[in-house]
Amino acid sequence: MTNESVGPGPGQLQAKDIESFWQELAYQERHLALLPNQAFVVQANEMLARIAPDLALELERSEGSLFSRLVFSAHGNVDQFENLMALVRAAPSLPGYKVQAFRNRSPINDFSMAMEGLELSCSDVLVAHYDAGGIVGLELGFEKIIAPEQRELAKHMAFIMLDHVLGEWDFAVRVGPVDVVDAFAPEVAGVGPLSAFPAVFDAFLRDSLGRSYRFPTADDDRWKMLEARRRDAPADAVPDLLGLRLSANAVATRADLPYCLQWTLAFEDGETLDQARDAQEGLQAALERMENGILAYTRIEGMRERTACYYVDDAAAARQSLQQQAVAQPGRVDVSFDPSWDAYLAVYAAAGAAAADAEHGDPEAA
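Going by the numbering used here, 377 is the number at position 356 of the sequence shown; the sequence numbering is gapless.
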């Protein structure tokens, strides 16, 4: 079995650096605990900057709580999310502290901010939404008149407010294109103030995009078989066969399933195709038994290779499970960090209206 992309890529935090940070923070904790919040944050971030200058640490101390919270953020930069999650996953037990990845939503939906002479409140920002291929597209407008020379500043402020209102993960991963418009397009829905948008956003994910974030059961598991042709393929070429798991859409973009693992096995005839399918379904069963991963789609290319695409919580653990599936042929494994589920949603969107209808219960489209 050959494995590709098995080591840390460029820009990824090394395990020794992560361990060094946590050792230093644990050693300095008694000193830090005596400091005011701002001084605590400044000194802790100086330690963090030595290994991960693109990440930040925030401290939340609540009166009456037994725990303070250390919140790590990548400032919404998805390229740093893998480092952030690796750092938090390696956190040791720190008495009196809970460690969290990503900033939560602001507890106050209607707040104001001012920059360079411009003041905006969440009620001044209007938001409409639409399905942007399985993620949420947004159009923004303003309730108050914005001078032309301040329009870019207002856009920047609206993005900051969106990040606070929706939370770091939702805004960075589940929101796609965001456009500031003079007039909302006819096809967008739910024009309203940003202060009321979180509930609208959650309902749209759940009711329109089908995101329950629960694993499918045997009773509601649905697949769609498709033929796909590459644009550069000859007209007489054998089409690829795609098995799209419609019900995997329910858990798309879950924060604990950020890795896309594609396992490709070659086959020569019906017998070796069956062996490849059995091995890939064996990995599916091993992952889904404890909800550590899910099979999202399969693809047969040129009647030579069968690829199974999984989304998993831990790429290294998934590889170990994969090695336990006995197959006669060598295989290829490709792993990418894909928190937005781009690989799956590209296939899901390409399946067209019939797939969407089947996902939402139209028996004629299944």
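The C-beta atom is built at its ideal place from N, Cα and C for all residues, glycine as well. Only a predicted model underlies this, so the values are computations on that prediction, with no experimental measurement involved.
Per DSSP, residue 39 is one residue of the alpha helix (DSSP H) stretching across 36–54. If the five residues before and after residue 300 are omitted, its C-beta is found closer than 6 Å to the C-beta atoms of 346, 348, all from its own chain and listed in chain order. Comparing alpha carbon positions, the residue from 132, 240, 82 closest to residue 53 is 82. Under the DSSP assignment, residue 245 falls in the beta strand (DSSP E) whose first and last residues are 244–249.
If you look at residue 159, you'll find it in the beta strand (DSSP E) that goes 157–163.
By the neighbour-count definition (other C-beta atoms within 10 Å, threshold 16), residue 331 is a buried residue. Straight through space, the alpha carbons of residue 132 and residue 160 are spaced by roughly 20 Å.
Excluding its 5 nearest sequence neighbours in each direction, residue 68 has C-beta neighbours in its own chain below 7 Å: 42, 45, 46, listed in chain order. Per the DSSP secondary-structure output, residue 315 pairs in a beta bridge with 332.
With respect to the 9 Å criterion, residue 280 and residue 202 are not classified as neighbours on the basis of their beta carbons. Here residue 337 is exposed, its C-beta having fewer than 16 other C-beta atoms within 10 Å.
Counting along the chain, residue 109 sits inside the alpha helix (DSSP H) bounded by residues 102–110. Contact check for residue 75 against residue 33 fails: the beta carbons are separated by 9 Å or more. Taking C-beta atoms as the reference points, residue 212 and residue 258 fail to come closer than 9 Å. By a beta-carbon distance limit of 8 Å, residue 78 contacts residue 93. Their separation comes to about 6 Å.
By the CB criterion at 9 Å, residue 262 and residue 244 fall outside the cutoff. Scanning its chain for C-beta atoms nearer than 8 Å, with the 5 sequence neighbours on each side dropped, one finds around residue 309 the residues 236, 315, 316, in chain order.
Distance between residue 35 and residue 109, taken at the CA atoms: about 13 Å. DSSP places residue 33 outside any beta strand (DSSP E), giving it a letter other than H or E.
Between residue 40 and residue 115, the CB-CB gap reaches or exceeds 9 Å. Around the beta-carbon of residue 155, 16 or more other beta-carbon atoms lie within 10 Å, marking it buried. Residue range 363–371 is occupied by the alpha helix (DSSP H) that includes residue 365.
Straight-line measurement puts the Cα of residue 234 at about 4 Å from the Cα of residue 272. Residues 288, 327 of the same chain have their beta carbon placed closer than 7 Å to that of residue 294, with the five preceding and five following residues left out of the count. Shown here, residue 171 sits in a helix according to DSSP, grouped into three states. For residue 301, the three-state secondary structure derived from DSSP is helix. By the CB criterion at 9 Å, residue 318 and residue 306 fall outside the cutoff. For residue 124, the number of other beta carbons within 10 angstroms of its own is at least 16, and it is reported as buried. Here residue 140 carries a strand assignment [DSSP, helix/strand/coil]. For the beta strand (DSSP E) assignment, the uninterrupted runs of no fewer than 3 residues enclosed by the segment 181–249 are, from N- to C-terminal side, 196–201, 210–214, 244–249.
Between residue 58 and residue 184, the alpha-carbon positions lie close to 22 Å from each other.
Taking the Cβ atoms as the reference, residue 219 lies roughly 6 Å from residue 186, within the contact range of under 8 Å.
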